[in-house]
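Just so you know, the protein sequences line up as chains D, P, S and A, in that order.
Numbers 1 to 130, taken from full-length UniProt numbering, label the letters of the first sequence in order.
Numbers 1 to 130, taken from full-length UniProt numbering, label the letters of the second sequence in order.
Numbers 1 to 130, taken from full-length UniProt numbering, label the letters of the third sequence in order.
Numbers 1 to 130, taken from full-length UniProt numbering, label the letters of the fourth sequence in order.
Everything below concerns the one structure shown next.
4 protein chains.
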Amino acid sequence: MLLQIQFESEIPIYQQIKNQIIRGIATGALQQGEDLPSVRQLASDIGINFHTVIKVYNQLKQEGWVIIHRKSGVMINPDLNLTKTPEYMELLDDLMKTTTAEAFMRGLTKEEFINIIEKNYDNYKTQGGK
Amino acid sequence: MLLQIQFESEIPIYQQIKNQIIRGIATGALQQGEDLPSVRQLASDIGINFHTVIKVYNQLKQEGWVIIHRKSGVMINPDLNLTKTPEYMELLDDLMKTTTAEAFMRGLTKEEFINIIEKNYDNYKTQGGK
Amino acid sequence: MLLQIQFESEIPIYQQIKNQIIRGIATGALQQGEDLPSVRQLASDIGINFHTVIKVYNQLKQEGWVIIHRKSGVMINPDLNLTKTPEYMELLDDLMKTTTAEAFMRGLTKEEFINIIEKNYDNYKTQGGK
Amino acid sequence: MLLQIQFESEIPIYQQIKNQIIRGIATGALQQGEDLPSVRQLASDIGINFHTVIKVYNQLKQEGWVIIHRKSGVMINPDLNLTKTPEYMELLDDLMKTTTAEAFMRGLTKEEFINIIEKNYDNYKTQGGK
DNA sequence: GTGGTCTAGACCACT
DNA sequence: GTGGTCTAGACCACG
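If you want it as structure tokens, here you go:
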């Protein structure tokens with residue numbers, strides 16, 4: 001999977017990488033059990049410092065997305081088993097309150113917004129996310 | 001409208017205020033043409049630095065949500081007319097890609113996600129967003 | 001609270017700091033709601049780099065021990081509410097299997113070992129850990 | 001005795017092996033004078049590099065747990081005679097300070113903790129640790 | 001002044 | 001070669 005980083009963005013680089021890896025898992029571009037590049041490899045591919053990649057991998061590990069093998073490096077957790085915890089649902093709810101409010105005020109109809117959701121979900125369903 | 005700020009949150013205070021004002025406009029809790037509290041008033045109400053409030057109001061003005069009168073203070077723009085610019089749509093698209101990906105992996109079905117959208121939109125429809 | 005760091009130890013510095021803060025909370029040397037020194041302050045007190053302290057504070061935050069205020073810095077979580085999760089109990093069990101095995105082979109009797117536990121717990125009970 | 005290695009664990013593999021051998025000695029699963037598998041045998045059984053096993057055996061030898069015969073391989077020291085040296089006691093004390101502090105804060109009572117100790121020790125007593 | 005991000009380079013433990 | 005630790009310095013966002 002090729003990562004596209006926007007260096008000018010206000011979103012931190014490590015966050016962009018995290019997002020794209022999670023998207024990759026959802027779409028199936030990254031399969032469970034698949035190896036990720038080594039910290040130094042990925043860093044040099046993207047052209048960033050390897051500490052930034054370490055940070056990404058550590059956060060993904062702590063949230064359960066990946067497993068860090070002492071030897072063989074990092075791989076997508078083969079037993080991926082994330083759940084809709086109350087904390088997550090609260091965050092999501094808050095985010096969607098803010099997001100839909102602005103979308104509504106900018107003239108996006110409910111149908112248009114739902115359409116965006118469906119378009120995204122269709123990328124996942126076909127692949128199967130577990 | 002009463003603002004609820006979480007000081008421990010990772011979301012910057014100025015962002016929280018902005019979000020809540022926009023939500024307030026969408027739900028109708030804040031009417032177009034309505035006056036907002038003065039910078040110092042709001043700052044002391046919430047218990048924050050008034051520079052933070054200035055920042056919020058300036059950003060809201062720049063994005064077209066409010067109008068700042070030199071004397072009479074800040075009011076919700078009576079001719080609110082925000083549109084779905086290409087830049088906005090791109091940001092929204094990117095955000096929803098990331099958000100739906102994680103939601104999907106955490107087991108939220110498309111229907112559950114759409115349900116969240118509808119619940120929010122129903123709060124807006126009745127008021128009319130102009 | 002004064003932190004004692006052993007620079008020659010094989011235990012990473014950030015781990016030593018973490019341990020001592022947690023001990024401090026248990027003994028009451030650090031009260032819930034109490035402010036911790038700023039990252040740069042603590043770093044210069046101990047004579048280490050501030051990035052190391054950031055790492056400590058972030059881990060403590062993620063585990064729920066402290067809260068990081070955007071402005072006022074870091075404080076012991078006033079609503080400290082950690083529980084004996086299954087994951088924790090498994091880790092503890094494994095650790096104690098290893099620890100007691102070696103202790104037993106080195107001639108520590110059950111009573112001596114229990115005595116160590118009691119001595120430590122007595123430092124906590126009197127203070128009350130909430 | 002069958003060794004169970006967790007490759008995803010944060011605990012180094014060599015440490016896991018060491019721990020399990022020491023536990024085995026304490027429980028009697030490994031008898032004093034008993035032969036341990038050869039370096040290459042154990043390495044291929046577990047599926048790890050044989051250097052890792054060499055490291056384990058060397059450390060165990062240095063600490064007095066095993067004896068390495070040039071030809072006949074490695075065996076549990078028949079005259080096992082480890083003592084509670086001051087250095088060991090200091091390490092143990094420090095470890096238990098940290099461990100009990102977190103356990104206490106997570107709601108484990110003194111009795112629950114002592115119970116864990118007793119359960120473990122009961123596995124040793126019956127066998128006798130010489 | 002607070003925490004956080006990114007870069008860069010050295011060194012270490014593990015396999 | 002793998003991840004991880006520590007140092008050091010620059011810069012940024014926030015309040």
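Ideal Cβ positions, reconstructed from N, Cα and C, are used throughout, including at glycine.
CB contact check: residue i to chain A, cutoff 8 Å
| i | result |
| --- | --- |
| D/Ile67 | yes |
| S/Ala29 | no |
| S/Ala43 | no |
| S/Leu2 | no |
| S/Asn120 | yes |
Rounded straight-line distance, which links the Cα of residue j to that of residue i
| i | j | result |
| --- | --- | --- |
| P/Gly28 | P/Asp122 | 12 Å |
| P/Leu108 | D/Phe104 | 23 Å |
| S/Val53 | A/Leu2 | 41 Å |
| S/Phe7 | S/Asn49 | 13 Å |
| D/Tyr124 | D/Asp93 | 21 Å |
| A/Val66 | S/Thr99 | 18 Å |
| P/Lys130 | P/Leu80 | Reliability fails at P/Lys130, whose pLDDT of 42 lies under 50, so the model's placement of it is uncertain and no value is given. |
| S/Glu112 | S/Lys84 | 25 Å |
| A/Ile5 | D/Lys71 | 13 Å |
| A/Ser44 | A/Gln59 | 20 Å |
| P/His51 | P/Leu42 | 11 Å |
| P/Ser38 | P/Tyr88 | 29 Å |
| D/Lys110 | S/Lys55 | 43 Å |
| P/Pro86 | S/Glu34 | 48 Å |
| D/Gly128 | A/Leu36 | With a pLDDT of only 44 at D/Gly128, under the threshold of 50, the placement of this residue in the model should not be trusted; the figure read from the coordinates follows. Spanning the two alpha carbons is a distance of roughly 47 Å. |
| S/Gly64 | D/Gly64 | 17 Å |
8 Å Cβ cutoff, residue i in contact with chain D
| i | result |
| --- | --- |
| A/Glu8 | yes |
| P/Gly107 | yes |
| P/Ile117 | yes |
| P/Lys97 | yes |
| P/Lys84 | yes |
| P/Ile17 | no |
| P/Leu36 | no |
Any chain P beta carbon closer than 8 Å to residue i
| i | result |
| --- | --- |
| D/Phe50 | no |
| S/Ile70 | Correcting the residue type first, residue 70 of chain S is Arg in the shown sequence and not Ile. Output row for S/Arg70: interface = yes. |
| D/Asn58 | no |
| D/Lys110 | yes |
| D/Gly128 | Bear in mind that the predicted position of D/Gly128 carries a pLDDT of just 44, short of 50, making it too unreliable to give a figure here. |
| D/Ile46 | no |
| D/Ile114 | yes |
Residue i and residue j closer than 8 Å at C-beta
| i | j | result |
| --- | --- | --- |
| D/Arg106 | P/Leu82 | yes |
| S/Gln62 | D/Gln62 | yes |
| P/Asn115 | D/Met96 | no |
| D/Ala101 | P/Arg40 | no |
| P/Ile25 | D/Ile117 | no |
| S/Tyr57 | S/Ile46 | no |
Residue i at chain S interface by Cβ criterion, 8 Å
| i | result |
| --- | --- |
| A/Ala103 | yes |
| P/Ile13 | yes |
| A/Lys55 | no |
| A/Arg40 | no |
| A/Ile25 | yes |
| A/Ile22 | yes |
| A/Asp93 | yes |
Tell me whether the region 9-22 of chain S and the region 6-18 of chain P touch, counting them as touching only if at least three CB pairs, one residue from each stretch, are closer than 8 Å. Cβ pair count under 8 Å is below three, so no.
Say whether the region 66-83 of chain P touches the region 28-40 of chain P, bearing in mind that this needs 3 or more beta-carbon pairs closer than 8 Å, one atom from each stretch. yes
Along the chain, which unbroken stretches of the alpha helix (DSSP H) at least 4 residues long are found entirely within the UniProt domain "HTH gntR-type" (11-79) of chain P? 13-27, 39-46, 50-62
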